[in-house]
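Residue numbers (mature numbering (1 follows the signal peptide of the UniProt record, and there is no 0)): -23 to -1, 1 to 89.
Note that the Cβ used here is the ideal one computed from N, Cα and C, for glycine as well.
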Amino acid sequence: MKASYTILLLTFGLLLTTSCTTRKNNDVQVENKEETISATGTVMHTENGKDGYMATIKSEDGKDYVATISIVNLGKNAGSFKKYEVGDKIKVKGPFWKDEEGKVHITVRQLN
């Protein structure tokens, strides 16, 4: 009986020490690259936001883009911030994502 308690205690201790070890995987490399897109077209609609605005842009090939334009997102290019109006020609560049409907949204980092 005493031997079985000893074996049980040793097994429990072994499991406890091996389950608490931290394993690092040094083979994993994380790249923080954002895919960017450039869009040129005509402003079809604008909607004011807290620190900027959103502009719906229709390109010459008929594609629609929703561009989020703000001083914060422009960062080092903040001096190029301008409020575009409906009908203005605009060129934007920045990282993008697509919503459930397939619309392309651009977080504008460069504004021309």
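CB of F58 within 8 Å of CB of I48, strictly: The residue you call residue 58 lines up with position 81 of the sequence shown. The residue you call residue 48 lines up with position 71 of the sequence shown. Yes.
Residue nearest to K80 in terms of C-alpha spacing, selected from K70, G52, V43: Position 103 of the sequence shown, counting from 1, holds the residue named residue 80. Minimum Cα distance to K80 is reached at V43.
Minimum length 3: unbroken beta strand (DSSP E) runs contained in the stretch 12 to 85: Scanning the stretch 12 to 85 from its first residue to its last, the whole beta strand (DSSP E) runs of 3-plus residues come out as 13 to 25, 29 to 36, 41 to 47, 66 to 75, 81 to 84.
Alpha-carbon spacing of N89 relative to T23, whole angstroms: As a position in the sequence shown, residue 89 is number 112, starting the count at 1. As a position in the sequence shown, residue 23 is number 46, starting the count at 1. One C-alpha to the other measures close to 17 Å.
Minimum C-alpha distance to E62 - residue among T19, K27, T84, D41: Within the sequence shown, numbered from 1, the residue matching residue 62 stands at position 85. Residue T19 is the option with its Cα nearest to E62.
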